[in-house]
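Using my numbering, read the sequence shown as starting at 10 and increasing by one per residue. In this text, a Cβ means the ideal position worked out from N, Cα and C, and glycines have one as well. Down below is the structure, laid out as structure tokens.
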Amino acid sequence: MEFKINSEQELLAIVPELLKSFSDHKVILFYGEMGVGKTTLIKLICKYLGVDESTNSPTFSIVNEYLSKKKGSIYHFDFYRIEEETEVFDLGYEDYFYSGDFCFIEWPEKISNLLPDNAVKVNIVQDEENNRLISVVR
């Protein structure tokens, strides 16, 4: 499944379709360069899922927990600052990844050996016309 987006409003419009493409998978990996819109997409997904609180990138805290009226706990990870996978062990990452709750993960390539096999991959790239190309791989 692929989408071509050129505004945040268009991005919001595809969120329901995007969530359907995840099926019943709960660990979602977001791949893309810095500034391509990973955090923005996760914020919009959280909003759609009923998160009322402010959502932001957990760059320094590594994980943020949000409460959704519709889905319970949602976890948002940002592994950008991780230099070695062993740094994630102290977080108790397995408890999150196998909790059955949504886990949205930015910079998953930093912990590639620790990711569940059944995670869904969302790739975001920016084209030469400043559009975002979003593809989902299950």
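In the structure shown, the three-state DSSP call for Ser77 is strand.
Along the region 18-60, the beta strand (DSSP E) occurs as fully enclosed runs of 3 or more residues at 36-40, listed in sequence order.
Distance check between Lys47 and each of Asn65, Tyr75, Leu100 places Asn65 closest, using alpha-carbon atoms only.
Residues of the same chain with a CB within less than 8 Å of the CB of Gly59, apart from the 5 flanking positions on each side, are Ser77, Lys78, Lys79, Lys80 in chain order. For Glu17, the closest alpha carbon among the candidates Val145, Ile71, Ser144, Asn139 is that of Asn139.
Excluding residues up to 5 positions away in sequence, Val129 lie with their Cβ nearer than 6 Å to the Cβ of Arg147 in the same chain. For Phe12, the enclosing beta strand (DSSP E) starts and ends at 11-14. Ile83 is bridged by DSSP to Tyr75, Phe111.
In the three-state DSSP reduction, Ile91 falls in the coil class, being neither helix nor strand. Shortest Cα-Cα distance from Cys112 to any of Pro25, Ser30, Tyr75, Glu11 involves Tyr75.
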